[in-house]
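Before any comments, here is the structure.
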Amino acid sequence: MNNGRSLLLPAIIAGVAVGAVTGTFFPDTGVKAEFIGGLFLDLLKMMVIPLVMVSITLGVMKMRDFKSVGLKTVLYYAVTTAVSVTIGIFVVSLIQPGGSPEILGTMTDEMRSAAAMKVEGKNAGAEEILKSMVTPNVFMSATEFQILPLIVFSLLFGLALSRLGVKEAEPLERVLTALDGAIMKIVHWVIALTPVGVACIIAARVGKAGGGDALFSMAAGIAKYMLAVIAGLGIHGLIVLPIVLFLFARRNPVAYVRHMSKALLTAFSTASSSATLPLTMSGAIEEAKVSPRVGNFVLPLGATVNMDGTALYEAVAVIFIAQVYAVPLDSTALVIIFLTATLAAIGAAGIPEAGLVTMVIVLSSVGLPLEGIGLLLSVDWLLDRFRTTVNVWGDSVGAAVVDRTSGGV
Ligand code: ASP
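If you count the sequence shown from 1, you need to add 39 to reach our numbering.
What follows is the structure, given as structure tokens:
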């Protein structure tokens, strides 16, 4: 590891701290930093579509046994997401954050209309999610930053290339390998800007929330709800996933966290799994030495469809809303929440606050009022950061597990 790289992590940690302090004590200055934070975010996002398309095509094309890797990946996503939703249901039932009737009294008309604006025209169901997987036009999807159909296209393209025979596919494999190398080079340059980028993003976000005082008063009313979300995410991210990593990938969780720390801090700062993807791939493949064939496939796919943190959050939030409105949930309703929260997490894009929108699916499935979302809006930007970090951590652990159990195919 060269000196510049080893200094990067402490610099990012300092960036997070400087951002938080600036936003808390000098909110106006913090808000002014938004412009620079936005530039950094755009640079990261600029790399996402080329990275996803090239790496998935290359990963699938070079994979010797796609069926087995694909199956293991889907199995890992399904089992870990199911475990995280179960933890969410358990924690929120135990803490009962919506148990006190005063909470509903804090709901203002403003909150109601903000909730209505958020969910307007976004009534996504299973059908919509399926539809979002294919596109009539890959270029349109690329311009609209719809990543899921691009993943499907790249997957099919990589599979087709792998069937063409070595002679036909070899020239393209060389081109794609060079493209992949060049994209990762640019990613490294952008990563070098991370300390400044995260400092500005956090300063602006905390500043926008009105600084430290506003932050505390905002949290006061629904502190128990925040506690339930963070406790659930903590159990999943700090206990369950490290155990999975240790048992199935035979890796030391502390060392693995260290390799992934730049990605995790960026996930926390940006609240976007997709924008973080360049760092997730660089951490897992280059630092933690997950085989590129597996990492190139599992990580971009995971950034869009595998969201343990979001799934857990959806379950906690919906049950919280049920508690606030005093709607009893029987075991059938809990099973429906379990299934739809998983679906809502798969359907959520890897962008900020996407989970809040797909929550419509879960709320409507058990007949809860959509306006309940209004109660969560003030703190969602903060909880989004915690759940996005767990989302990225879940993808990273998945890459190591699938890699190990597939013998680095
Ligand atoms: N922001 C999350 C992510 O990018 C999605 C969500 O809103 O839950 O992973």
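We treat Cβ as the ideally placed atom computed from N, Cα and C, and that holds for glycine.
Remark: C-beta atoms of W432 and G334 do not approach each other more closely than 8 Å. A302 is a Cβ neighbour of S435, given a cutoff of 8 Å. A distance filter of 6 Å between CB atoms and the heavy atoms of the ligand ASP selects the following residues in sequence order: A310, S311, S312, M346, T349, A387, G389, I390, P391, E392, A393, G394, D423, R426, T427, N430. In the three-state scheme derived from DSSP, where H, G and I count as helix and E and B as strand, D419 is classed as helix. Distances from the CA of P188 to each of G204, T120, F196, S171 were compared; the closest alpha carbon is that of S171. Closest in C-alpha terms to D148, from the list R424, G413, V122, comes G413.
Burial check for D219: the Cβ neighbour count within 10 Å reaches 16 or more, so the residue is buried. If you draw a straight line from the Cα of V441 to the Cα of M320, it is about 15 Å long. Short of 6 Å from the beta carbon of Y116, and not among the five residues preceding or following it, lie these beta carbons of its own chain, in chain order: N345. One Cα belongs to A155, the other to A121, and the distance between them is close to 29 Å. DSSP places N345 outside any alpha helix (DSSP H), giving it a letter other than H or E. In this chain, H275 is not harboured by any alpha helix (DSSP H), its DSSP state being neither H nor E.
L415 is classed as buried because its beta carbon has at least 16 other beta carbons within 10 Å across all chains shown. The beta carbon of M86 sits closer than 7 Å to those of I222, I225, V226, V229, P317, all from its chain and outside the five residues before and after it, given in chain order. The three-state secondary structure of R103, taken from DSSP, is coil. Taking a cut-off of 8 Å for Cβ pairs, the stretch 238-251 and the stretch 396-407 do not touch, as fewer than three such pairs fall below it. Inter-segment contact for the stretch 335-344 and the stretch 105-114 is present: three or more beta-carbon pairs are separated by less than 8 Å. Two segments are said to touch when three or more pairs of C-beta atoms, one from each, lie closer than 8 Å; by this definition the stretch 279-294 does not touch the stretch 302-313. Counting every other CB atom within 10 Å of its CB across the protein chains shown gives N176 a total below 16, marking it as exposed. For E212, the secondary structure class from DSSP, reduced to helix, strand or coil, is helix.
CA-CA distance, V91 to S139, rounds to 46 Å. By the beta-carbon neighbour count (other beta carbons within 10 angstroms, threshold 16), N291 is exposed. G348 is a Cβ neighbour of T427, given a cutoff of 8 Å. A Cβ-Cβ distance of about 5 Å is found for the pair I88 and A181, placing them in contact under the 8 Å criterion.
Bounds of the alpha helix (DSSP H) holding P317 are 312-320. Under a 10 Å Cβ-count criterion, K206 is classified as exposed, with fewer than 16 other Cβ atoms of the shown protein chains found around its own Cβ.
Note on geometry: alpha-carbon atoms of P367 and V374 lie some 14 Å from one another.
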